[in-house]
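Chains as they are written, first to last, in my numbering: chain H, 1 to 75; chain F, 1 to 131.
Written as structure tokens, this is what we have:
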């Protein structure tokens, strides 16, 4: 999937993946897509919950070799 | 639905600091308006020097390794993030007086207030949390 911005938040623990994701999405325009990569397992639940709070859409999620990738479309 | 999160920080240990600032930054990053009322030992968490020397609970010192391994951010980093995200820090005037502290003893950008200052903010906040 194509994204407008890629964020590497691998190796960071709570709450930094959320804080970095928030900062990254602030730089995008509505409808643009942010790709976030994390290794924090808590993010599996936290990123969708965060997206719901802001009305953003999770378009795709995949997990490979311990790296979780989210594609988030800005509201 | 409330868009405010109100937090009382009344304890001054390292674990307390993580509970307070993790919830505060996560809430602020989720578009919530956040205020933290620092009272009694909680004032340690925003004390210029004290925040760098927050104690672990007795007998829990061995967790230091776990903190490093989990790559947990330093408290000073979380404080900076919280302020950048607009979290309001309110230091309790009464406790400051009791402890002989002034605004000079604390990090920049804090407000000083009393119980009513916090209550006014918290009256329509959900959740309100105490640590």
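For glycine and all other residues, C-beta sits at the position ideal for the given N, C-alpha and C.
Everything numeric in this text was worked out from a predicted model, so none of it was measured.
* Tell me where the beta strand (DSSP E) around residue 113 of chain F begins and ends. => It spans 111-113 - the beta strand (DSSP E) in which residue 113 of chain F sits, taken as one unbroken run.
* Asked: Under 7 Å Cβ-Cβ, which residues of chain F neighbour residue 16 of chain H?
  -> Those within 7 Å of residue 16 of chain H in chain F are 73.
* Asked: Helix, strand or coil: how does DSSP classify residue 64 of chain H here?
  -> Residue state, collapsed to three classes: strand.
* Asked: In this structure, does DSSP put residue 131 of chain F in helix, strand or coil?
  -> Judged by DSSP in its simplified three-state form, residue 131 of chain F adopts coil rather than helix or strand.
* Kindly indicate which three-state DSSP category residue 47 of chain H falls into: helix, strand or coil? => Residue 47 of chain H falls in the helix class under three-state DSSP.
* How would you write the range of the alpha helix (DSSP H) that residue 21 of chain F sits in, first residue to last? -> Segment 14-29, the alpha helix (DSSP H) holding residue 21 of chain F.
* Name the chain F residues that come within less than 9 Å of residue 13 of chain H, Cβ to Cβ? -> Going along chain F in sequence order, the residues near residue 13 of chain H (Cβ under 9 Å) are 70, 71, 72 and 73.
* Take residue 70 of chain F as the anchor and find which of H:5, H:10 and H:6 has the nearest alpha-carbon. => When only C-alpha atoms are compared, the closest one is H:10.
* Name the residues in the region 25-54 of chain H whose C-beta lies less than 7 Å from a C-beta of chain B; which are they? -> Judged by its chain identifiers, the structure shown contains no chain B, and its protein chains are H and F.
* Asked: Taking the alpha carbon of residue 34 of chain F as the point to measure from, which residue in F:10, F:14, F:66 and F:82 has its own alpha carbon closest?
  -> Ranking F:10, F:14, F:66 and F:82 by Cα distance to residue 34 of chain F puts F:82 first.
* Throw me the rounded Cβ distance for the residue 130 of chain F and residue 10 of chain F pair, which I believe falls under 8 Å. => Between residue 130 of chain F and residue 10 of chain F a beta carbon distance of about 7 Å is seen, short of the 8 Å cut, so the two are scored as contacting.
* Asked: With DSSP run on the structure shown, which of helix, strand or coil describes residue 36 of chain H?
  -> Here residue 36 of chain H carries a strand assignment [DSSP, helix/strand/coil].
* Shorter than 8 Å from the beta carbon of residue 30 of chain F to some beta carbon of chain H? -> Using beta-carbon distances, residue 30 of chain F counts as an interface residue toward chain H, with a partner under 8 Å.
* Report yes or no: do the region 12-19 of chain H and the region 36-50 of chain H share at least 3 C-beta pairs separated by less than 8 Å? => For the pair of segments examined, the region 12-19 of chain H was found to touch the region 36-50 of chain H: the number of CB pairs separated by less than 8 Å reaches three.
* How big is the Cα-Cα spacing for residue 45 of chain H and residue 3 of chain H? -> Take the alpha-carbon of residue 45 of chain H and the one of residue 3 of chain H: they are about 21 Å apart.
* Thinking C-beta only, is residue 12 of chain F closer than 8 Å to residue 41 of chain F? -> In this structure, the beta-carbon distance from residue 41 of chain F to residue 12 of chain F falls below 8 Å.
* Asked: Which chain H residues are close to residue 22 of chain F, counting only those with a beta carbon under 9 Å from its beta carbon?
  -> The answer, in chain order, is 14 and 15.
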